[in-house]
Amino acid sequence: KSPNKWLNDTCIQFQMTRLQQIMQQQQKHAKNNAKNIHMKFLDPAVVSFLMHYCHDDSELIDFCKDVLLSLYCAGNEEYQHYHIFVPINDSYSYQSDSIQSNMGSHWSLLYLYVIINNKDEEEDSIPEPEVRVLHLDSSSERNLQVAIEVSQKLKKSILLTATSNEKASEKKKRKNNDDNYSITEKAGIPQQSNGYDCGVYVLAFVQAISSYFHHKGETLTTLNSWRRQSIEAIRNITDKEIQQLRKKIANDIRELCRDPAYSKIL
Numbered sequence: 005k006s007p008n009k010w011l012n013d014t015c016i017q018f019q020m021t022r023l024q025q026i027m028q029q030q031q032k033h034a035k036n037n038a039k040n041i042h043m044k045f046l047d048p049a050v051v052s053f054l055m056h057y058c059h060d061d062s063e064l065i066d067f068c069k070d071v072l073l074s075l076y077c078a079g080n081e082e083y084q085h086y087h088i089f090v091p092i093n094d095s096y097s098y099q100s101d102s103i104q105s106n107m108g109s110h111w112s113l114l115y116l117y118v119i120i121n122n123k124d125e126e127e128d129s130i131p132e133p134e135v136r137v138l139h140l141d142s143s144s145e146r147n148l149q150v151a152i153e154v155s156q157k158l159k160k161s162i163l164l165t166a167t168s169n170e171k172a173s174e175k176k177k178r179k180n181n182d183d184n185y186s187i188t189e190k191a192g193i194p195q196q197s198n199g200y201d202c203g204v205y206v207l208a209f210v211q212a213i214s215s216y217f218h219h220k221g222e223t224l225t226t227l228n229s230w231r232r233q234s235i236e237a238i239r240n241i242t243d244k245e246i247q248q249l250r251k252k253i254a255n256d257i258r259e260l261c262r263d264p265a266y267s268k269i270l
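Position 222 of the sequence shown, counted from 1, bears residue number 226 in the working numbering, the numbering being contiguous throughout.
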């Protein structure tokens with residue numbers, strides 16, 4: 005209701021769910037060259053669970069299969085491309101005493117681009133994924149440490165799942181385990197002008213990037229083109245658009261509350 009309040013995890017989850025539903029509907033009518041592009045919008049509570057309760061390899065594999073299972077079930081195209089949007093806040097850090105996602109003080113977006121090559125795989129193996137990560141923060145690099153921690157765990161979850169059924173995984177050289185890979189991009193990322201719009205910026209980033217790649221309908225196989233176009237999609241987001249999005253989310257929630265079918269859930 006207030007125009008200057010910090011969005012909690014419930015508001016973030018509400019909009020992420022709405023975007024997932026919209027993309028699923030649009031995917032049904034997508035052009036052929038866009039059918040192997042898939043979007044995944046994670047719930048903040050799920051990300052918090054990953055960080056605070058999934059520790060050993062078996063738990064990380066279970067997480068990937070339960071939450072990111074569609075990465076390995078989406079189709080028979082030679083290449084599958086996945087855009088995974090992960091809202092994070094500073095309570096997810098190993099250095100944080102809190103295990104509740106609504107107890108942090110700043111939201112930012114972790115954005116994963118995963119390419120799975122279905123070509124020339126052995127019969128009993130899961131296709132080899134290539135995982136790239138970009139951290140988009142509307143307040144400089146305030147969430148950089150937690151972004152590194154979450155990205156490492158997500159990448160490990162995906163890569164462990166890919167190798168868990170391989171008969172000879174030691175034969176493959178994993179290119180994705182480069183911990184020195186830079187996940188931060190500063191140039192061109194819109195910056196908030198106050199201390200409470202970080203969550204709205206995260207949702208604006210998600211909405212702009214997902215819409216950009218869906219309507220563009222092209223697959224990207226190079227890191228440079230993916231990073232460049234991701235930044236291009238959000239570069240011109242303004243404070244005015246942020247305030248409009250904040251109002252739209254509030255109106256959408258109010259409309260659902262008036263619907264008897266949703267009022268009990270909300």
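Cβ coordinates follow ideal geometry from the N, Cα and C atoms, glycine included.
Predicted model only: the values in this text are computed from it and were never measured.
Quick check on the burial criterion: 16 or more other C-beta atoms within 10 angstroms. Buried or exposed for S144?
Here residue 144 refers to the residue found at position 140 of the sequence shown. By the neighbour-count definition (other C-beta atoms within 10 Å, threshold 16), S144 is an exposed residue.
Considering only the alpha carbon of each residue, which of I92, Q84, A49 lies closest to N71?
Stepping through the sequence shown from its first residue, residue 71 is reached at position 67. Before going further, note that residue 71 is Val rather than Asn in the sequence given. It is A49 whose Cα lies nearest to the Cα of V71.
Have a look at N121, L23, D243 and flag the residue whose alpha-carbon is nearest the alpha-carbon of S215.
The sequence position of residue 215 within the sequence shown is 211, counting from 1. When each option's Cα is compared against that of S215, the closest is L23.
Should H59 be labelled buried (16 or more other beta-carbon atoms within 10 Å of its own) or exposed?
Along the sequence shown, one-based indexing puts residue 59 at 55. Flag for H59 reads exposed.
Is DSSP giving S62 helix, strand or coil here?
Counting from one through the sequence shown, the residue named residue 62 turns up at place 58. Correct three-state label for S62: helix.
My assumption, with CB atoms under 8 angstroms, is that L46 sits in contact with V118. Please give the rounded CB distance.
Counting from one through the sequence shown, the residue named residue 46 turns up at place 42. Counting from one through the sequence shown, the residue named residue 118 turns up at place 114. Between V118 and L46 the Cβ distance is about 13 angstroms, and since that is not below 8 angstroms, they are no contact.
Let me know if G199 comes out buried or exposed under the rule of 16 or more other beta-carbons within 10 Å of its beta-carbon.
The residue you call residue 199 lines up with position 195 of the sequence shown. Answer is exposed; the Cβ neighbour count stays below 16.
I think G192 touches I16, with their Cβ atoms under 8 angstroms apart; what is that distance to the nearest whole Å?
Taking the first residue of the sequence shown as position 1, residue 192 is located at position 188. Taking the first residue of the sequence shown as position 1, residue 16 is located at position 12. Not quite, the Cβ-Cβ distance comes to about 23 angstroms (not below 8 angstroms), so this is no contact.
Around the C-beta of Y86, are 16 or more other C-beta atoms found within 10 angstroms, so that it is buried, or is it exposed?
Against the sequence shown, residue 86 aligns to sequence position 82. By the neighbour-count rule (16 or more Cβ atoms within 10 Å), Y86 is buried.
Less than 8 angstroms between the CB atoms is what I'm expecting for I187 and V150, so what's the real figure, rounded?
In the sequence shown, residue 187 corresponds to position 183, counting from 1. In the sequence shown, residue 150 corresponds to position 146, counting from 1. Between V150 and I187 the Cβ distance is about 11 angstroms, and since that is not below 8 angstroms, they are no contact.
Is N147 near D94, with beta carbons less than 8 angstroms apart?
For the purposes of this step, residue 147 is taken as residue 143 along the sequence shown, with counting starting at 1. For the purposes of this step, residue 94 is taken as residue 90 along the sequence shown, with counting starting at 1. Against a cut-off of 8 angstroms, the Cβ pair of D94 and N147 comes out as a contact.
DSSP state of P133 mapped onto helix, strand, coil
Locating residue 133 in the sequence shown gives position 129, counting from the first residue. Strand at P133.
Reference H110; option with closest CA among R136, L138, S142:
For the purposes of this step, residue 110 is identified with residue 106 of the sequence shown, where counting begins at 1. Comparing Cα-Cα distances from H110 to each of R136, L138, S142, the minimum goes to S142.
Candidates D263, F217, Q211, S229: closest to I241 by CA position:
Within the sequence shown, the letter at position 237 stands for residue 241. Answer by Cα proximity: Q211.
Can you give me the start and stop residues for the alpha helix (DSSP H) that N255 sits inside?
Counting from 1 along the sequence shown, the entry for residue 255 is found at position 251. That run of the alpha helix (DSSP H) goes 243-262.
Residue from I26, Y96, S112 whose Cα sits closest to the Cα of W10
Within the sequence shown, residue 10 is the residue found at index 6, counting from 1. From the listed residues I26, Y96, S112, the smallest Cα separation to W10 is found for S112.
Test item: CB-CB of I238 and I257 under 8 angstroms
Numbered from 1 along the sequence shown, position 234 holds the residue referred to as residue 238. Numbered from 1 along the sequence shown, position 253 holds the residue referred to as residue 257. No, Cβ-Cβ distance for I238 and I257 is not below 8 angstroms.
CA-CA distance, L249 and K32?
Here residue 249 corresponds to residue number 245 of the sequence shown, with the count starting at 1. Here residue 32 corresponds to residue number 28 of the sequence shown, with the count starting at 1. Taking the straight line joining both Cα atoms gives about 26 angstroms.
To which residues does DSSP link V51 through a beta bridge?
Taking the sequence shown and counting its residues from 1, the one referred to as residue 51 is at position 47. Note: V51 sits in no beta bridge, so no partner.
Have a look at R232 and S62 and give me their C-alpha separation to the nearest angstrom.
The residue labelled residue 232 in the question sits at position 228 within the sequence shown. The residue labelled residue 62 in the question sits at position 58 within the sequence shown. Taken atom to atom, the span from the alpha-carbon of R232 to that of S62 is near 35 angstroms.
In chain order, what residues of the same chain have a beta carbon less than 7 angstroms from the beta carbon of T165, not counting five sequence neighbours either side?
Here residue 165 refers to the residue found at position 161 of the sequence shown. Only I65, C68, K69, I130 meet the Cβ criterion.
Cβ neighbours of I253 in the same chain (closer than 6 angstroms, five flanking residues each side left out)
One-based indexing of the sequence shown puts residue 253 at position 249. Once the five neighbours on either side are set aside, the close Cβ partners of I253 are Q19.
Could you check the C-alpha separation between C261 and N12 for me, to the nearest Å?
Along the sequence shown, read from residue 1 onward, the residue named residue 261 stands at position 257. Along the sequence shown, read from residue 1 onward, the residue named residue 12 stands at position 8. About 18 angstroms.
In DSSP terms, what Q84 is bridged to:
For the purposes of this step, residue 84 is identified with residue 80 of the sequence shown, where counting begins at 1. I120.
Whole-angstrom distance between Q156 and R178, CA atom to CA atom
For the purposes of this step, residue 178 is taken as residue 174 along the sequence shown, with counting starting at 1. For the purposes of this step, residue 156 is taken as residue 152 along the sequence shown, with counting starting at 1. Unreliable positioning characterises R178 in this predicted model, as indicated by a pLDDT of 48, which lies under 50. A coordinate reading is not provided.
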